[in-house]
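Note that the numbering used here has the sequence shown beginning at 4, numbered continuously upward.
The beta carbon of each residue, even a glycine, is placed where N, CA and C say it ideally should be.
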Amino acid sequence: MFRIRRIFDSIRPNDREGIRQVQEILRSQFSGAPEEDIQALPGLMNDPLEHKLVYTVFAAENFREQVKGVAVVAHATDLKFFFLDYVSAAPR
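See below:
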């Protein structure tokens, strides 16, 4: 069984841990993704005004809060545009 949890930012400790696990999935599944883009994810989520996009992460977690799947999305509210940046399951 799993649940899908929306992670809005990296302020709370359990959200920071979720983001850390998401970054590990992105590194392992998208070898061509620039490391600086993966590292920038928490900052993108924490400051939507600076980037003019609202970044949100949807994490599929098991009952131990281990991230087993992820979707990273960006929403340009002024343009009414929604972009699916990454979607992946964890390795194995």
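Could you tell me the alpha carbon to alpha carbon distance between residue i and residue j, rounded to whole angstroms?
| i | j | result |
| --- | --- | --- |
| Leu-56 | Gly-46 | 12 Å |
| Gln-32 | Tyr-89 | 10 Å |
| Pro-37 | Phe-66 | 31 Å |
| Arg-6 | Ala-63 | 6 Å |
| Val-8 | Ala-43 | It is Arg, not Val, that sits at residue 8 in the sequence shown. Approximately 20 Å, taken between the alpha carbons. |
| Phe-85 | Val-76 | 7 Å |
| Asp-81 | Pro-51 | 12 Å |
| Asp-12 | Ser-91 | 19 Å |
| Ile-41 | Leu-29 | 7 Å |
Starting from the Cα of residue i, find the closest Cα among the options and give me that residue.
| i | options | result |
| --- | --- | --- |
| Phe-61 | Gly-35, Ile-22 and Ala-79 | Ile-22 |
| Glu-53 | Ala-93, Ala-79 and Ile-10 | Ala-79 |
Fully enclosed by the segment 14-95, which alpha helix (DSSP H) runs are 4 residues long or longer? Within the segment 14-95, the alpha helix (DSSP H) runs of at least 4 residues that lie entirely inside it are, in chain order, 16-32, 38-49 and 51-54.
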